[in-house]
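*Asks:* Residue numbers (the numbering used here): 12 to 334. Ideal placement from N, C-alpha and C gives every residue a C-beta, glycine not left out. Here it is: the structure, laid out below.
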Amino acid sequence: MKKIYLIVMVPVLVFVSCSQAQNEEKIPEPELIFQSGFEPESKVIPRGSDADIIGTDLSFSEKNDWVNDLDNNPLVGNFNLQYQGGDSTQRFAKIVPEPGNPENHVLWFWLNEPNVGGSKGRIQANIYGGKTGLKEFYQSVRIFLPEDMNTVRTFPEKIHWLTIAEFWNNITWSQNVPYGFRITLGLGKPVAAESDLYFILDGQDCQLFEDGSQKYTTLWSEINQNVKVPIGKWFTLDYYYKEGDAENGRFYMTVQTEGGQKEVIFNVTAFTHNSNDPNPNGVTDFNPLKLYTSRKLIDYMSSKDKTLQIYWDDFKLWKDRRP
Numbered sequence: 012m013k014k015i016y017l018i019v020m021v022p023v024l025v026f027v028s029c030s031q032a033q034n035e036e037k038i039p040e041p042e043l044i045f046q047s048g049f050e051p052e053s054k055v056i057p058r059g060s061d062a063d064i065i066g067t068d069l070s071f072s073e074k075n076d077w078v079n080d081l082d083n084n085p086l087v088g089n090f091n092l093q094y095q096g097g098d099s100t101q102r103f104a105k106i107v108p109e110p111g112n113p114e115n116h117v118l119w120f121w122l123n124e125p126n127v128g129g130s131k132g133r134i135q136a137n138i139y140g141g142k143t144g145l146k147e148f149y150q151s152v153r154i155f156l157p158e159d160m161n162t163v164r165t166f167p168e169k170i171h172w173l174t175i176a177e178f179w180n181n182i183t184w185s186q187n188v189p190y191g192f193r194i195t196l197g198l199g200k201p202v203a204a205e206s207d208l209y210f211i212l213d214g215q216d217c218q219l220f221e222d223g224s225q226k227y228t229t230l231w232s233e234i235n236q237n238v239k240v241p242i243g244k245w246f247t248l249d250y251y252y253k254e255g256d257a258e259n260g261r262f263y264m265t266v267q268t269e270g271g272q273k274e275v276i277f278n279v280t281a282f283t284h285n286s287n288d289p290n291p292n293g294v295t296d297f298n299p300l301k302l303y304t305s306r307k308l309i310d311y312m313s314s315k316d317k318t319l320q321i322y323w324d325d326f327k328l329w330k331d332r333r334p
């Protein structure tokens, strides 16, 4: 006699509470803010003792106008090039044909003497005064360090100060802005002896006193000695910033040498705003392109008939893009 089995399918209901559904993070849609490859319609012009870039980079089809898409964008502040002193015999920023590839144009930072009160050297792109702080953004830029930068490897001291980008949340030079904080990206040399250069990164609270003096407190610092800074080769740096505290803040950076694989240099979870700020409001001021260092390093390069130089290309900035 055959046995007959009855299989009963019992539906399983999965209940998701309203609070759980509300707590699921909504991933924002990335928004391209601006892009430029510094092609000929882009021009560096003087602005008093500093400079600016105007024009439209026709190598891109959108978000490529330095004034309408960047300066007039309510998401970010006004762009300019700052020297803080000196003249063109000491420092300059120019758009020029790429060395070895005249069909392409690039932005050239050249720093030959300490131009800031004789004590340090500065060339930097400012995006300052944003009305809406960026709480999450992504930047990409191509960089070329010429052979002169190999001389930096022989500087007879450690290098902690050779800044190439800086992000402020909040600025540290206004008495009207409390809770100063910055993330500084630089090129470093961890020993006094000749050494390869490595990327260095730190996050610092800042206290501004009534006399204008400042006190920086380092909350965290990183150096990646597994990947040396490329010299004599184009490479791309991608940065991702997310505002947050020790558990939720993030700074992420990759490097990709032309023709090579993308490598993660930093993936930091830490404060990305002042550790005492009860109501952080995003990044309203930052230096996406920067060459800033001490007189001692500049003078050393000059003593070797070399100059600190950086070439920049294909600068792109997004709001809410993630790695």
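Could you check how far apart the C-beta atoms of Asp296 and Tyr190 are, in whole angstroms? I think they sit under 8 Å.
*Replies:* No, Asp296 and Tyr190 are not in contact; Cβ-Cβ is about 13 Å, not under 8 Å.
*Asks:* If we ignore side chains and look at the alpha-carbon of each, how far apart do Gln95 and Asp61 end up?
*Replies:* Answer to the nearest angstrom: the Cα atoms are 7 Å apart.
*Asks:* Could you round the C-beta distance between Ala281 and Gly214 to whole angstroms and report it? I think they count as a contact, below 8 Å.
*Replies:* Contact holds; Cβ gap of about 6 Å.
*Asks:* In this structure, does DSSP put Asn298 in helix, strand or coil?
*Replies:* Looking at Asn298 - three-state DSSP - the assignment turns out to be strand.
*Asks:* May I have the straight-line CA-CA distance separating Gln46 from Ser70, to the nearest angstrom?
*Replies:* Going from the Cα of Gln46 to the Cα of Ser70 covers about 10 Å.
*Asks:* Under three-state DSSP, which class holds Thr165?
*Replies:* Looking at Thr165 - three-state DSSP - the assignment turns out to be helix.
*Asks:* How is Ser151 classed by DSSP in three states: helix, strand or coil?
*Replies:* Ser151 falls in the strand class under three-state DSSP.
*Asks:* What's the gap between the Cα of Asp324 and the Cα of Arg153?
*Replies:* The alpha-carbon atoms of Asp324 and Arg153 are separated by roughly 5 Å.
*Asks:* Tell me the rounded alpha-carbon separation between Gly97 and Thr318.
*Replies:* Computed Cα separation, rounded: 16 Å.
*Asks:* Just verifying my parser: in three-state terms, what is the DSSP assignment at Asn79?
*Replies:* It is helical.
*Asks:* Using a Cβ-Cβ cut-off of 6 Å (strictly less than) and excluding sequence neighbours within five positions of Leu300, which residues of its own chain qualify?
*Replies:* Cβ within range, chain order: Ala136, Trp323.
*Asks:* Would you mind sorting Ile170 into buried or exposed? The rule is 16 or more other CB atoms within 10 Å of its CB.
*Replies:* Buried is the call here.
*Asks:* Would you report the Cα separation of Asn126 and Leu308, rounded to the nearest angstrom?
*Replies:* One C-alpha to the other measures close to 13 Å.
*Asks:* Between which residues of its own chain and Ser30 is the CB-CB distance below 8 Å, once the five residues before and five after are set aside?
*Replies:* Residue placement at Ser30 is poorly supported in this model, since its pLDDT is 49, which falls under 50; the coordinates are not used for a value here.
*Asks:* Buried or exposed for Asp216, please, with buried defined as at least 16 other CB atoms from any protein chain shown within 10 angstroms of its CB.
*Replies:* Answer is buried; the Cβ neighbour count reaches 16.
*Asks:* At what residues does the beta strand (DSSP E) containing Leu43 begin and finish?
*Replies:* It spans 42-47 - the beta strand (DSSP E) in which Leu43 sits, taken as one unbroken run.
*Asks:* Between which residues of its own chain and Phe155 is the CB-CB distance below 7 Å, once the five residues before and five after are set aside?
*Replies:* Excluding sequence neighbours, Phe155 sits near Trp245, Tyr322.
*Asks:* Could you please give me the residues that DSSP links to Gly140 through a beta bridge?
*Replies:* In DSSP, Gly140 forms no bridge with anything.
*Asks:* Looking at the unbroken alpha helix (DSSP H) that takes in Leu308, where does it start and where does it end?
*Replies:* Element bounds for Leu308: 306-314.
*Asks:* When DSSP labels each residue in this structure, what does Asp159 get in the three-state scheme?
*Replies:* In this structure, Asp159 counts as helix in the three-state DSSP scheme.
*Asks:* Where do the ends of the beta strand (DSSP E) carrying Asp324 lie?
*Replies:* Note, Asp324: beta strand (DSSP E), 319-330.
*Asks:* Just how far apart, CA to CA, sit Thr165 and Gln93?
*Replies:* So the alpha carbons of these two residues sit roughly 29 Å apart.
*Asks:* Which residues in the same chain have their Cβ closer than 7 Å to the Cβ of Thr228, if we skip the five residues on either side of it in sequence?
*Replies:* Cβ within range, chain order: Gln215, Asp216.
*Asks:* Looking only at DSSP bridge pairs, what is Ile106 linked to?
*Replies:* In DSSP, Ile106 forms a bridge with Leu118.
*Asks:* Which residue wins for smallest C-alpha separation from Lys54, given the options Asn91, Ile38, Asn83?
*Replies:* It is Asn91 whose Cα lies nearest to the Cα of Lys54.
*Asks:* Give every residue of the same chain whose Cβ lies closer than 8 Å to the Cβ of Lys105, excluding the five residues on either side of it in the sequence, and list them in chain order.
*Replies:* Closer than 8 Å at the Cβ level, and outside the excluded window around Lys105, lie Val55, Leu118, Trp119, Trp121.
*Asks:* Report buried or exposed for Glu269, applying the criterion of at least 16 other Cβ atoms within 10 angstroms of its Cβ.
*Replies:* Glu269 is exposed by the Cβ-count criterion.
*Asks:* Please name the residue, chosen from Gly243, Gln267, Leu198, that lies closest to Gln236 on a Cα-to-Cα basis.
*Replies:* The residue with the shortest Cα to Cα distance from Gln236 is Leu198.
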